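The sequence shown: position 131 = 133 (my numbering), numbered continuously. Using N, Cα and C, we set each Cβ at its ideal position, and we do this for glycine too. As the structure is a computational prediction, the values presented were derived from the model and not from experiment. The structure under discussion appears below in the form of structure tokens.
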Amino acid sequence: MNLDFEEIFINLEFLTILVIYDRKKELIERVKILNKEVEEETSNSFVKEIVIDVFYGRKELDLKMLNLSYLTDFQRKVLIKTKNIPRGKVSTYKKLSEKVGVREGARAVGNVMKFNPFPILIPCHRVIKSNREIGEYGGGKTLKRKLLIFEGVGFENKWKVLNEYVV
């Protein structure tokens with residue numbers, strides 16, 4: 003790995019993430035959900051503190067911390083709208099596509115979510131299907147459900163969100 007980049011491993015409540023941080027640009031390049039807990043977390047306390055505060059809802063993420071420069075205009079718009087979904091609420095792929103000005107763009111929004119370079123920080127887990135079922139998630143459907151429950155979202159059944167949580 004390039005010496006300008008630092009790998010930061012962070013154990014959170016019930017998941018572990020890897021943050022790739024560009025020291026030179028002082029930007030988070032990418033976040034990846036890991037399937038295992040790491041023994042030793044990395045010592046970059048600045049980035050670690052930001053991630054933990056965002057995860058626990060103590061602080062809003064400043065988008066200037068993320069390298070969005072390599073994304074298309076559409077991807078950037080979708081991810082910014084996704085970041086603005088309040089904690090404890092969800093939105094649908096269709097509603098997000100309409101918010102960025104694309105009437106029939108639910109599938110395109112789904113693809114942006116699938117390849118979200120900043121999971122957890124940009125909460126793609128808060129985007130669900132129009133029928134209120136949670137849909138798929140890069141970290142697995144069970145993890146998506148855990149994240150939503152952790153943030154206060156209520157469920158009608160195992161995979162379907164109660165209507166009152168949809169914005």
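query, result
"Could you check if Arg-134 is buried or exposed, using at least 16 other CB atoms within 10 Å of its CB as the buried criterion?", "buried"
"Quick one, which of Gly-90, Lys-61, Leu-29 has its alpha-carbon nearest Leu-150's?", "Gly-90"
"Which word fits Ser-99, buried or exposed, when buried means at least 16 other C-beta atoms lie within 10 angstroms of its C-beta?", "buried"
"Give the DSSP bridge partners of Arg-32, in chain order.", "Ile-22"
"Got a sec, what are the start and stop residues for the beta strand (DSSP E) Glu-9 sits in?", "7–14"
"Do Ile-172 and Val-92 have their CB atoms nearer than 9 Å?", "Shown here, the chain extends from 3 to 169; a query on residue 172 therefore has no answer."
"Residues in its own chain within less than 6 Å of Asn-69 by CB, not counting five upstream and five downstream?", "Leu-29, Glu-31"
"Determine the direct distance from the alpha carbon of Gln-77 to that of Lys-66, and round the result to whole angstroms.", "16 Å"
"Just list the alpha helix (DSSP H) runs in the segment 40–92, keeping only unbroken ones of 4 residues or longer that don't cross its boundaries, in chain order.", "47–57, 75–85"
"Who does Lys-162 pair with in a DSSP beta bridge?", "Glu-135"
"In angstroms, rounded to a whole number, what distance separates the CA positions of Ile-87 and Lys-26?", "30 Å"
"Starting from Gly-112, trace the alpha helix (DSSP H) both ways and give me its first and last residue.", "108–116"
"Beta-carbon within less than 8 Å of Lys-162's beta-carbon, same chain only, minus the 5 sequence neighbours each way: which residues are those?", "Asn-133, Arg-134, Glu-135, Ile-136"
"In whole angstroms, what is the alpha-carbon distance linking Arg-60 and Ile-52?", "9 Å"
"Report, in whole angstroms, the separation of the C-beta atoms of Pro-121 and Gly-142, which I expect to be a contact under 8 Å.", "The Cβ separation is near 12 Å, so there is no contact."
"When you compare each of Asn-13, Phe-48, Thr-74, Phe-157 to Lys-34 by their alpha carbons, which one comes out closest?", "Asn-13"
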